[in-house]
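As structure tokens, the structure follows; a few thoughts come after it.
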Amino acid sequence: MTVNEEQTTISVALEDLVREVEGLHAGGYRLVQIGCTDIGGAYEVNYSFDKDYQFKNLRLTVGPETEVPSVSGIYWGAFVYENEMHDLFGIPVTGINIDFKGTFIKTAEKYPFSVTRLGGDRCRNA
Amino acid sequence: MGIFQMTKTVLRNLAGGPVTRQYPAVPARTCPLTRGHVTIDPATCRSCGLCSRRCPCEAIRIEKEEKVWEIDRMRCIACGDCVEGCPFGSLTMEQEYLPPVVEHVVERHTITYVKPEKPEKKPKEESAGESA
Amino acid sequence: MQTLLFLILFPILVACLLLFVKRTTLRYAVVALSALVIGGASIYLLMQYALEGAVYFAAPSEAASLAMVAIEMGLALFIVYMGAKFKNYLAIVLAVVQAALVVYLETTFSGNLHAVNNLFIDQFSIIMALIIGIIGSLIAVYAVRYMETYHRHHPEVRDRQTMFFFVTFAFLAAMFGLVFSNNLMWVFFFWEITTITSFLLIGYSETEEATKNAFLALVMNLLGGVAFVVALIFLAATEPVSGGIDLARVLASGDAAIILIPAALIGFAGITKAALMPFSSWLLGAMVAPTPVSALLHSSTMVKAGVYILVRFSPVFAGTFTGFSIGLVGGVTFVVASAIAISQSNAKLVLAYSTIANLGLIAACAGVGNYMLVWAAILLIVFHAVAKSLLFLGTGAIEHRVGSRDIEDMEGLIVRMPKMAVMMFIGIAGMFLAPFGMLISKWAAIEAFVQVPFGLVFIAILAYGSAVTVFFWAKWMGKLVAVTRETERVEKGFFEEPWAPLYIITGLVIATVLLFPVISSTLIEPYVLAIYGVTARLAQANVGIMLLMIALLLILPVSFLLFRRSAKHLPAYMGGRPATPDLHFAGSLGLTREVQTRNYYLTEYFGEAKLFLPGAVVCTILILASWVLAGVAL
Amino acid sequence: MNWLIGAVLFLILAPVAGGLIAGIDRKITARMQGRVGPPLLQPFYDVGKLFEKENVVVTTAQNFYVLVYLIFIALSGALFFAGGDLLLIVFAFTLAHVFLVLGAYAVHSPYSHIGAERELIQLMAYEPMVILAAVGLYMVTNSFYVADIAATTVPAILYLPGVFLGFATILTIKLRKSPFDISTSHHAHQEIVKGITTEFSGSTLAQVEIAHWYENVFLLGFVYLFFSWNPVIGVVAVAITYAAEIFIDNVTARVRWQAALKSGWLAAGILGLGNLAILSYMMLGGA
Amino acid sequence: MSTMAFLKRSPWILHYDASSCNGCDIEVLACLTPLYDVERFGIINTGNPKHADILLITGGINELNKAVVRNLYEQMPEPKVVVAIGACAATGGIFRECYNITGGVDKVIPVDVYVPGCAARPEQIIDGVVTALGILEEKRMKMSGAAQTKEETRHAVGEST
Amino acid sequence: MPERIVVPFGPQHPVLPEPIHVDLVLEDEKVVEAIPSIGYIHRGLEQLVQKREYTEYVYVAERICGICSFMHALCYSQGVEQIMGIEVPDRAKYLRTIWSECSRLHSHLLWLGLFADGMGFENLFMRSWQLRESVLDVLEDTTGGRVIQGTCKVGGVRRDIGQEKLDEMHHTLDPFEQQCRDLGDVFLNDETVKYRLQGLGVIGKDEAYALGAVGPTARGSGVPVDIRETGYAAYGDLGFKPVVETAGDCYARCAVRVKEVYASIDLIRRAIDGMPEGPLDVKVKGTPDGEYFSRVEQPRGEVIHYLRGDGTKHLARARIRTPTLANIPMLVKMLPGAQLADVPVVVLSIDPCISCTER
């Protein structure tokens with residue numbers, strides 16, 4: 001192995017997400033990234049955290065069109081990732097502190113990574 | 001401390017004269033490894049197409065029937081992958097950089113390789129291990 | 001003398017007449033006609049006495065003086081009534097004190113209250129009369145239509161236009177009286193009249209703010225009035241040496257030390273009237289009044305009474321520390337008010353601060369009082385009156401048209417109201433640019449201050465003061481000339497007639513610049529020469545150069561014709577963002593934003609909150625110092 | 001007719017001299033940065049090029065303001081070399097600059113606007129010191145006329161070292177050199193693009209450039225006045241002053257406008273006024 | 001009017017990074033620095049389209065950049081030349097197939113010179129600019145010719161009206 | 001309400017080498033609101049992973065950014081190696097370290113130059129870039145490319161540095177370090193530079209940590225996060241301590257980078273000294289199946305390549321989180337309150353690499 005690093009991944013349900021993230025925040029973790037992967041008809045959203053080089057991952061699996069609550073209330077800087085999630089994957093994220101309304105990354109075709117190519121414009125931040 | 005920290009450098013520059021490389025009066029600096037541009041020896045190319053397949057930006061195109069080897073210089077990123085991958089050593093990486101052009105044209109080479117009597121195909125298969 | 005009396009009495013007649021005129025058109029006719037008469041009379045005055053030097057007239061004294069005292073008492077009662085009505089007890093106290101002092105003066109020194117000549121005229125008075133007669137009456141003409149529109153825009157304000165025009169013309173009469181009087185008692189009487197008129201006109205709209213500001217102005221001016229009476233008492237008491245209440249004799253008095261104290265007190269009165277620091281707040285508050293009032297009372301004429309008296313007394317101040325500190329009050333006011341003007345975006349407040357600043361500068365010149373400075377001071381009075389009235393009237397016209405007196409809302413005026421913009425441009429240029437008037441005076445002042453001991457202080461004040469002046473005027477000008485796109489023209493269709501006064505005053509601004517060598521040589525220089533025995537004048541070559549500059553400025557706009565043809569128009573640079581002509585762009589967060597170009601106000605550094613208090617404190621100290629120094633000199 | 005010769009010579013020669021100075025400036029700057037730098041005549045090529053370009057405007061009015069700017073800069077420079085009244089010249093200069101600023105306002109573009117505001121701040125920063133310098137020269141030579149000041153036998157610099165230093169400080173502003181090149185800069189990279197000249201292009205920009213040459217020659221003429229009792233020393237001092245400005249340009253970062261204003265005013269207040277106060281004290285004492 | 005070609009001696013450049021990977025981008029900047037010092041040729045990086053003669057574009061055109069590049073090109077006064085630097089600017093290069101890349105610069109504005117390379121070296125960029133100078137001069141000649149005829153027609157029209 | 005100026009800042013702007021756009025709302029010159037928007041360099045190259053074979057994708061990874069080119073290739077290669085369980089030879093690890101640090105040197109010097117340029121200090125810009133050229137010469141001599149090295153690959157490296165060249169590099173390091181220190185002195189001690197940088201864009205340690213800042217931006221605020229401490233490549237052998245400053249202002253961020261230049265020179269020196277003999281690469285067989293979050297410390301901070309293979313020769317997903325993306329929240333927090341003149345300085349102080357950010 002090139003690198004010796006423990007990486008733990010914990011699956012988390014949508015309704016538990018905010019609580020879990022709060023727990024990590026309280027535990028002194030920093031938000032490393034939020035990233036999505038298309039796993040065929042659904043999205044896998046990875047919330048990665050780090051504390052003293054301990055890499056921890058919360059894994060959320062959501063279907064298309066499912067609204068995901070924003071964690072930007074806990075980690076202020078999360079808005080970049082969440083806007084990106086919306087703009088590239090079309091996942092509707094609700095309650096982002098700085099909402100670019102789909103203009104964070106403007107693409108020629110909308111939601112290029114979306115499984116449905118529908119996107120979540122209509123259900124965002126009602 | 002001080003307001004004129006840069007003085008030393010300024011004086012040194014004034015005394016030492018400019019460091020400018022007088023390009024184009026002096027040719028560009030190159031070194032043996034410099035990746036300038038790819039050339040083909042049409043006499044040794046066996047049209048295997050490996051270079052074309054490896055090329056990450058599809059700059060190379062081969063037409064086996066017409067014996068044509070084409071390279072779009074405006075796509076080529078001079079990574080040298082084709083050179084490394086060529087089993088026959090037909091491709092070489094030259095150090096010279098290409099001059100600018102006013103028109104975008106694709107460079108064509110006619111392959112002049114003539115098949116010898118005894119074809120050796122083994123080594124090619126070996127190096128192209130990932131073909132699947 | 002008939003002309004003088006006519007100029008004092010005719011406006012009163014008109015004023016009374018206007019009390020009974022209710023229709024705007026008729027009022028317009030009356031006002032325009034009397035303006036013509038008053039203006040004509042003041043020009044006739046010029047032709048009559050310009051070459052004469054000082055001429056004194058023994059006008060009827062007894063009856064007039066008695067009437068004046070009676071009116072003064074009446075006014076005091078009026079103030080007491082108003083003070084009681086609006087619960088402003090300070091005003092009552094001051095009015096009572098003043099009345100008591102007048103009574104004391106009348107009863108104790110009645111024998112000493114006779115001037116040899118009650119009226120007089122000299123070149124300085126002519127200048128003042130021209131300002132009052134021409135500019136004042138033009139403003140009155142402008143006011144007729146303005147007030148009509150004003151009431152249309154402010155239906156909540158009670159229509160008291162008859163009172164308004166009565167007071168306006170009474171004021172003109174008082175101003176004429178003030179500059180023609182050789183009897184200081186008379187001067188004081190007219191002085192008080194202007195105070196009252198100002199009080200009435202500031203409070204015109206009867207809002208809470210207007211009333212408050214009116215009383216502020218009243219209190220501060222009464223304060224000066226009290227000082228004036230004290231000075232009169234002092235003069236009367238020392239009549240054999242000081243010359244009593246005869247202005248000419250006072251100024252010619254042999255014992256400079258004696259008259260220094262009354263001079264300092266009258267100087268103080270001048271400071272309050274000219275709204276120098278720390279009394280500048282009343283003038284700022286006065287900006288709630290309708291714009292013609294601001295133009296007439298609070299920039300071109302009434303406040304000039306304050307500096308008029310200072311300039312009159314400047315031979316007394318010359319070379320004394322008292323004068324120096326009064327001059328410093330002006331100097332500090334100049335620099336501080338100019339600096340605060342940077343932080344203002346309300347056009348009228350900018351004009352008010354600039355007025356205060358310029359009055360300060362005039363006071364500085366008068367206080368130091370050497371012959372060149374007096375020359376410069378009178379020149380400043382002339383140029384300031386012309387340019388500032390234009391600016392005020394222009395602001396009023398713009399406000400009615402654009403709906404705002406904020407400088408930022410005047411953006412692109414050159415597109416929306418081109419004629420108005422050009423007039424404003426000329427007015428502003430008159431305030432600070434090179435070949436125009438104010439700058440000539442500043443320049444002369446610098447040359448003069450170099451030769452005065454400790455003049456360096458004033459040079460520093462001028463150097464910094466004119467620097468900040470350039471800043472706030474130029475940025476205003478910049479707003480006017482910004483060529484905004486896709487804005488509609490709003491010049492036409494509004495009231496037609498008031499343009500006439502604006503055109504005339506614009507013409508006057510240019511005329512004074514072109515003719516200032518003539519004004520200087522026929523009016524100012526003889527006056528200075530008569531007082532000091534020497535006079536200042538600009539070098540012939542420099543005059544030529546300035547005329548050349550003016551000529552260039554008049555000719556160069558022709559070059560517009562050259563450019564109109566060949567140029568290709570492109571939108572403004574917006575960082576590569578596709579720009580619409582009205583400067584909208586797609587901003588972050590999916591919003592469409594519009595480029596906003598706003599002037600800098602540097603409130604953090606030049607704000608009122610930051611500068612007013614220190615300026616006021618310094619000026620208060622300097623005023624107190626001027627009294628102490630006058631006392632010491634005695 | 002001496003004055004006429006001075007003025008005409010200025011009008012003709014100043015652009016040449018100014019362009020050459022700019023060329024030398026760029027060359028020396030390049031050398032200080034270890035580069036070869038442009039040819040000596042590069043400023044002339046640039047201006048020539050600009051005249052060859054298409055005339056592009058945002059609003060036609062901008063050309064008018066810039067033309068007035070150029071004419072008044074040239075006029076006030078000519079007045080200077082004609083030996084005119086220094087104060088009048090200073091005011092004429094202000095007038096010229098106000099027109100440049102108005103040109104920038106007229107185009108109504110964001111960067112131009114900010115450039116204009118900053119130019120006014122600069123104007124506000126250097127104006128007091130310029131006036132004090134004129135007054136200082138008057139105190140030494142008893143005349144505001146350039147002709148008299150230039151003809152003096154008094155070594156003004158000995159009486160006015162503070163004023164000279166103060167003037168050198170604001171000279172940095174006037175020459176648009178770092179650290180005070182806040183409204184527009186010779187260097188390409190600035191947060192307000194090209195500031196006041198952002199929207200000027202082609203021949204209009206060329207006019208701004210020529211005006212700048214005129215101005216530089218005038219400013220160096222002003223510097224010369226401090227040394228005018230000895231022409232040789234004067235010319236050398238002017239050269240050294242300019243070289244020092246180039247040096248300063250190369251060893252400092254650009255400051256914010258606050259510092260520019262503060263520097264200008266402090267230079268005037270401490271160096272200028274301090275010097276003049278001492279001088280007037282000496283003169284009072286002497287008299 | 002003038003027959004002197006100052007344009008060739010004083011080409012001012014405007015550089016815009018249209019979704020380049022920074023490779024060519026920093027090489028353009030490197031040209032300004034002591035080792036290459038393009039100011040030798042009178043080149044100044046103006047950063048302002050209104051002042052520029054040569055537009056250097058690195059990188060392929062993406063969705064957002066289209067309008068920007070077009071705007072910059074429009075804002076430059078004639079005569080002007082566009083130099084596409086690097087493989088991406090010429091054709092989109094390795095990113096050609098990306099969903100957000102439209103292709104080379106010539107998809108949006110006319111390109112006069114293509115500089116190959118990934119990343120193009122400073123020397124190549126200098127060569128590119130030098131090539132551009134020739135084209136710039138041609139355009140200037142054409143322009144002054146056109147201007148003259150335009151002027152003549154205008155005079156003719158002016159007289160008739 | 002005070003008067004507000006609204007200015008579009010960018011995408012094309014002379015102080016911004018890369019297109020980023022900020023809507024600036026100013027009061028006088030004080031920034032009261034600044035919202036950046038990006039997307040001018042978004043190419044969508046993450047999706048290319050489905051079109052390029054996993055060994056070829058390294059060329060794309062290199063071109064995520066021309067400044068951190070080598071680090072991206074390294075991060076990608078390490079990720080694939082991790083998924084496939086490949087152990088890279090030691091010499092390759094050391095070579096990777098040397099090139100990484102050379103890249104860091106050239107990136108930091110480049111940044112210092114741009115930063116100086118942002119402050120209007122032209123000469124300092126020239127000097128920084130002049131020094132950077134000597135790093136580029138070394139890179140070209142050893143890899144064949146000035147800015148895009150093309151030398152890292154899955155399984156090792158493509159080229160070796162001969163002993164002769166290593167010795168030569170070692171010799172030139174001392175004078176080079178001296179030159180860098182002279183340069184660093186100007187950045188750290190010059191009064192005008194200090195005036196521009198100190199107290200500007202201050203973010204405290206806790207806030208920086210909470211905002212998820214990485215790299216020198218975080219270390220300037222006293223957050224000692226540096227992925228090199230995890231010991232990838234040869235960092236584990238060489239021993240490594242991150243450079244940390246505590247002031248949290250632009251000056252501190254600048255100081256971190258200046259000191260990292262010195263640290264990088266030292267690391268290169270030690271890597272040359274400890275260079276082991278051995279092969280350059282191992283043969284890569286099979287296809288990646290699995291996932292990994294590969295982390296590498298770029299000049300700008302921690303970069304993450306999340307790679308996921310599904311057993312084909314194309315990866316299923318490559319998600320690249322670049323340091324600048326993580327630092328944008330810092331930027332948004334830093335801008336309000338600064339002066340307009342400081343905007344480029346503040347923006348540059350996070351060392352934005354937009355082409356990384358937007359991929």
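Protein chains in written order, with this note's numbering: chain U, 1 to 126; chain V, 1 to 132; chain H, 1 to 634; chain C, 1 to 287; chain F, 1 to 161; chain Z, 1 to 359. For glycine and all other residues, C-beta sits at the position ideal for the given N, C-alpha and C.
9 Å is my cut-off, CB to CB: does residue i come that close to chain C?
i: V10 (chain V); result: yes
i: K162 (chain F); result: The requested residue 162 (chain F) is not part of the displayed model; chain F covers only 1 to 161.
i: T333 (chain H); result: no
Assign residue i to one of two classes, buried (16 or more other C-beta atoms within 10 Å of its C-beta) or exposed (fewer than that).
i: S110 (chain H); result: exposed
i: S299 (chain H); result: buried
i: F44 (chain C); result: buried
i: R19 (chain U); result: exposed
i: V236 (chain C); result: exposed
i: G119 (chain U); result: The pLDDT assigned to G119 (chain U) is 42, lower than 50, so where the model puts this residue is not dependable, and the model offers no usable value.
i: L9 (chain C); result: exposed
i: L265 (chain H); result: buried
i: I428 (chain H); result: buried
Taking only beta-carbon positions, decide if residue i is within less than 9 Å of chain V.
i: Q42 (chain C); result: no
Output yes or no for whether 9 Å exceeds the beta carbon distance between residue i and residue j.
i: Y47 (chain U); j: R30 (chain U); result: no
i: V82 (chain F); j: A18 (chain F); result: no
i: V311 (chain H); j: V386 (chain H); result: no
i: G145 (chain Z); j: D342 (chain Z); result: no
i: G396 (chain H); j: P290 (chain H); result: yes
When the cut-off is 9 Å and only beta carbons count, does residue i lie next to chain F?
i: S103 (chain Z); result: no
i: K56 (chain U); result: no
i: T37 (chain U); result: no
By DSSP's criteria, residue i is part of a beta bridge. Which residues make up the other side?
i: R317 (chain Z); result: Z:R308
i: N183 (chain H); result: H:D246
Is the Cβ of residue i closer than 9 Å to any Cβ of chain Z?
i: P123 (chain V); result: Because the pLDDT of P123 (chain V) is 48, which lies under 50, any placement of that residue in the model is unreliable, and the question is left without a value.
If you measure from the beta carbon of residue i to each beta carbon in chain U, is any gap under 9 Å?
i: M1 (chain Z); result: Summary for M1 (chain Z): the model assigns pLDDT 43, below 50, so the residue's position carries little reliability, and this model does not support an answer.
Are three or more beta carbon pairs between the region 82-92 of chain Z and the region 145-157 of chain Z nearer than 8 Å? yes
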